[in-house]
Amino acid sequence: MTTTTGQTTAPEVETTLDPSATPSARPGRRRGDDLAAWLFLAPYLLLFGVFVLLPIVLGVWISLHSWDFTLPGKPWVGIQNYRDLFTPGSVTFDPFWNSMQATGIFTLFSVPLLIVVPLVVALVMNQKFPGRNLFRAVYFAPYVLGVAVVGVLWRYLLDANIGAVNAYLGRLGLPADTTWLSSLPEAWIAMVLVTVWWTLGFNAVIYLAGLQDIPKELYEAAKVDGATPWSQFRYVTLPGLRPVTMFVTLTTIIASANMFGQAFIMTNGAPARETRTAIFYIAETGLQDFQMGEAAAASWILTVALMLLALVVFGVFRARGSVES
Amino acid sequence: MPSNPFTSPTSALSRRGFLAVTAGSLLVAGCGSGPGSQSQGVGGFSGKPYNGPKLELAYWNGFTGGDGPAMQALVKKFVGSHDKIQIKNNTIQWTDFYQRLPAATKAGKGPDVGAMHLDQLATNAARSVIVPLDDLAEALDLSESDFAPSVWGPGIYKDKRYGIPLDVHTIAMYYNKDHFEKAGISDAPTDAASLDDACKKLQAAGIKYPFWMPNQWPAHLMFLSLLWQFGGQPYAEDGSEATYDDAAGEKALSWMREQVDKGYSPKAVDIDSQYAAFKNGKNSITWDGIWQINDLEAAGTNYGIATLPVIGDELAAWANSHNFFMTKQAADETNRANAAKTFIGWMSDQSSAWSKAGMIPARNSARKEGAFTGSVQHGILDQVDHLHFLPPVPGLGDVQPKTLEVAVNTAVLGKQSPEASLSKAANNATELMKQNQQKFGA
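Heads up: the protein sequence lines correspond to chains Z and S, in order. According to our numbering, the stretch in the first sequence is residues 1 to 325, in order. According to our numbering, the stretch in the second sequence is residues 1001 to 1442, in order.
In structure tokens, the structure reads:
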């Protein structure tokens, strides 16, 4: 990042030629660069401003009101929406934190699987063997399905009484009366496995790209040094995949924390409201009951929680990175 | 009190601060909420068919199932006999319908007329999405005595009428005729004892689980029916509290759970699978809406239909009704309003042809016509005098899924006793209803 070699603008050549040049000579040039940079960024920033920043600010504003857009009055309530969500015993406290807990459980169990299983699949995909392309396609295929398709498909396959999964388990002599969609922890197991089946192809492809970016020479050098396949994996592959793994981890956490469709279609939150996730709760409160203020407040709490989690993930990868280098 | 910021200078200040930051976004968000609905006689409807300039009415409904073709046929017939009015039909699933209707209407892109459920009228009236139709009812000379009992009242919110009923629909008992024959049962069960007896015989005939007890849709409709049968009431008429956590509610919910305990039902039935199983001959008895008739006919199931058995003290059944409404959008223009009322008036008169949709005509006169007397649902005619509708309380539709439906779910699954689950749900419902009263200014 800090190296100045390879810069081609004329003033840059001047400054590198002149050893006495001070940083104070730079601002004039920077202003021109800045303008170009801003111009290039403008189209993105416009979209970012209109579709991300503005809704975020508006979300704060809405969260401070009892906001039902169908009613003429939208009284200002200050932090009351937040206070309700944080007050044990209020009507919103239990449903909301229950949904946060559901999201937490789902994230906790799906993320590790979605980091490890795709890595294994990617390692296999990276080998040379006949039918490799078919194998790659087969693993990626479920990802192209929409959540509605996946949800409905598995909702019927996993039906406790008329589903194919239980029917086949029964034929194999295994328990055939598991209530996959209406008891805990079965419902979580079902939804985590379905999600892994559905999205592992995406993470696997990212890993595969990462694997193919690791220089072959490193493996050759390792072999010359007498490294076993395991050591090669541990000391060449894993460090080489570090940036990719961080990306996969973060996107998977965010995707898992935003889980909605699977629960909405497969369990509809059952049993009781145990599998109702945070997004489920927010969508229902805001878009169905039109209690936008409360929903906006809940969204903000979820957002802050996710930001904190992202910071932790960054921290972990940073710490590991500095140890290794 | 933070909930009353207008007396507190600090929150007023922070409010201004926010105003400065988000002034632009407010322009976007603040529009589209005019004053409440207007007087009762919009457009001065005379009762005569619309005869003004040619126009097109946007008509929204949620008839996506077996009732869809019947409605399309009616619309076609209407257009054929009214050359001044074109109908632009828009059919959306009911769940999406109730989300989109307020948004679209506020944006001026909603329908002029539409059909919605009776229990949604108050909510949408309170949100000033729909307008009163008293003049229409008067001009058409409609009154309570023309309709099935108790369907007329819940269309009134704050002394104004918002809906004209097309039909009533309820839940009924379906049974598999082949299974009944195999088990040697000649008549459909009529009370708790005969139902129990039938289940025993069916089990003896090799049907392991004859009567699957759902814990999600339509479980709460079963519960409400049973609650009324035991003499209970779900909600106070004025919408101030939920009252199903009494002895009647407990008896109703305990009976539902009992069917599982007795082994007539699997211990956990997933969403809709009691119905899917019935359609495929996997179980023998199911309680479901009469709107399933067309679907069962299409599936070729050899089924029978009967009134709900009397489990409690007397026959009672949950019911709802499709009602025609007119929006504010149409009310703002005299011609549009009159055309809309012509459409509603004509449609409500077709109540008997609507029997093809599997529904029961709301008009008493229509229930004597051949289109209904020859229908499958005519078989539960006795139930029509024992229907119960939810009271017209705005926001009630949002409260019930979070409270009553959860209680029924947990109790049928055996996760909590009927008593405990009902009491918790009723407490929460009462709290939410109090909030709604404040919100909707009741």
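The C-beta atom is built at its ideal place from N, Cα and C for all residues, glycine as well.
Among residues of its own chain, excluding the 5 on either side of residue i, which ones have a beta-carbon nearer than 6 Å to its beta-carbon?
| i | result |
| --- | --- |
| S:Asp1067 | Ala1357 |
| S:Gly1249 | Leu1227, Gly1232, Leu1422 |
| S:Leu1315 | His1386 |
| Z:Asp68 | Phe290 |
| S:Gln1086 | Glu1056 |
| Z:Val165 | Leu157, Leu158 |
| S:Met1359 | Asp1167, His1169 |
| S:Gly1052 | Asn1335 |
| S:Cys1199 | Pro1210, Phe1211, Tyr1264 |
What does residue i touch in chain S if you count any residue whose Cβ is under 8 Å from its own?
| i | result |
| --- | --- |
| Z:Val224 | Result: empty, since nearest Cβ-Cβ is about 59 Å, beyond 8 Å. |
| Z:Asn268 | Gln1216, Ile1271 |
| Z:Pro95 | Lys1402 |
Which class does residue i belong to by DSSP, given the choice of helix, strand or coil?
| i | result |
| --- | --- |
| S:Val1129 | coil |
| Z:Trp300 | helix |
| S:Pro1214 | coil |
| Z:Gln262 | helix |
| S:Asn1409 | helix |
| S:Trp1318 | strand |
| Z:Ala295 | helix |
| S:Val1021 | Its pLDDT being 36, under 50, S:Val1021 is placed unreliably by the model, and the measurement read from it follows with that caveat. DSSP places S:Val1021 in helix when its eight states are reduced to three. |
| Z:Val144 | helix |
| Z:Arg276 | coil |
| S:Gln1086 | strand |
| S:Ser1033 | In this predicted model, S:Ser1033 has a pLDDT of only 33, less than 50, meaning its place in the structure is not dependable enough to derive any value. |
| S:Glu1056 | strand |
| S:Asp1159 | coil |
| S:Gly1304 | strand |
Identify the contact partners of residue i in chain Z, using a Cβ-Cβ distance below 8 Å as the criterion.
| i | result |
| --- | --- |
| S:Ala1277 | Asn161, Ile162 |
| S:Thr1410 | Pro271, Ala272 |
| S:Asn1428 | Val91 |
For residue i, go through chain Z and note every residue whose CB falls closer than 9 Å to its CB, in chain order.
| i | result |
| --- | --- |
| S:Pro1266 | Ala160, Asn161, Asp177, Thr179 |
| S:Lys1106 | Phe69, Thr70 |
By Cβ distance below 8 Å, which residues in the same chain neighbour residue i in space, the five residues on each side in sequence not counted?
| i | result |
| --- | --- |
| S:Gly1065 | Trp1291, Asn1294, Asp1295 |
| S:Gly1036 | The predicted position of S:Gly1036 is uncertain, since its pLDDT is 35 and thus under 50; a value taken from the coordinates is nonetheless stated next. Excluding sequence neighbours, S:Gly1036 sits near Ser1128. |
| S:Gln1435 | none |
| S:Phe1372 | Ser1352, Ser1355, Ile1360, Pro1361, Ala1366, His1378 |
Exposed or buried, what is residue i when buried is set at 16 or more other beta-carbons lying within 10 Å of its beta-carbon?
| i | result |
| --- | --- |
| S:Thr1430 | buried |
| Z:Val316 | exposed |
| S:Ser1039 | Unreliable placement is indicated for S:Ser1039, whose pLDDT of 38 sits below 50; no coordinate value is reported for it. |
| Z:Glu274 | buried |
| S:Glu1297 | exposed |
| S:Ser1355 | buried |
| S:Pro1154 | buried |
| Z:Phe129 | exposed |
If the cut is a Cβ gap below 7 Å, which residues of chain S does residue i touch?
| i | result |
| --- | --- |
| Z:Arg273 | Val1406 |
| Z:Leu287 | Gln1099 |
Leaving out the 5 sequence neighbours to the left and right, which residues in its chain are closer than 7 Å to residue i when beta-carbon positions are compared?
| i | result |
| --- | --- |
| Z:Leu308 | none |
| Z:Ser299 | Gly59, Ile282 |
| S:Arg1257 | Ala1411, Val1412, Gly1414, Pro1418 |
| Z:Tyr219 | Gln232, Val236 |
| S:Gly1108 | Gln1329 |
| Z:Leu184 | Pro271, Glu274 |
Would you mind stating whether residue i and residue j have Cβ atoms separated by less than 9 Å?
| i | j | result |
| --- | --- | --- |
| Z:Phe280 | Z:Ser110 | no |
| Z:Thr103 | Z:Ala295 | no |
| S:Val1129 | S:Leu1101 | yes |
| Z:Ala270 | Z:Ala209 | no |
| S:Phe1389 | S:Asp1119 | yes |
| Z:Val244 | Z:Arg136 | no |
| S:Thr1190 | S:Thr1307 | yes |
| S:Pro1132 | S:Ala1058 | no |
| S:Pro1392 | S:Leu1142 | no |
| S:Lys1177 | S:Gly1304 | yes |
| S:Met1326 | S:Gln1274 | no |
Since residue i meets chain Z, which of its residues come closer than 7 Å, beta carbon to beta carbon?
| i | result |
| --- | --- |
| S:Arg1127 | Thr70, Leu71 |
| S:Phe1158 | A small fix is needed here, since residue 1158 of chain S is Lys in this sequence, not Phe. What S:Lys1158 touches in chain Z: nothing, since even the nearest Cβ is about 15 Å away. |
| S:Glu1431 | Val91 |
| S:Leu1413 | Ser182, Pro271 |
| S:Asp1245 | Neighbours of S:Asp1245 on chain Z: none; closest Cβ ~16 Å, over 7 Å. |
Does the beta carbon of residue i fall short of 8 Å from some heavy atom of the ligand SAM?
| i | result |
| --- | --- |
| Z:Tyr139 | This structure does not include the ligand SAM; it has no bound ligands of any sort. |
Quick one, which residues of the region 48-79 of chain Z are near chain A if we go by CB-CB under 9 Å, in chain order? Of the protein chains in the structure, Z and S, none is chain A.
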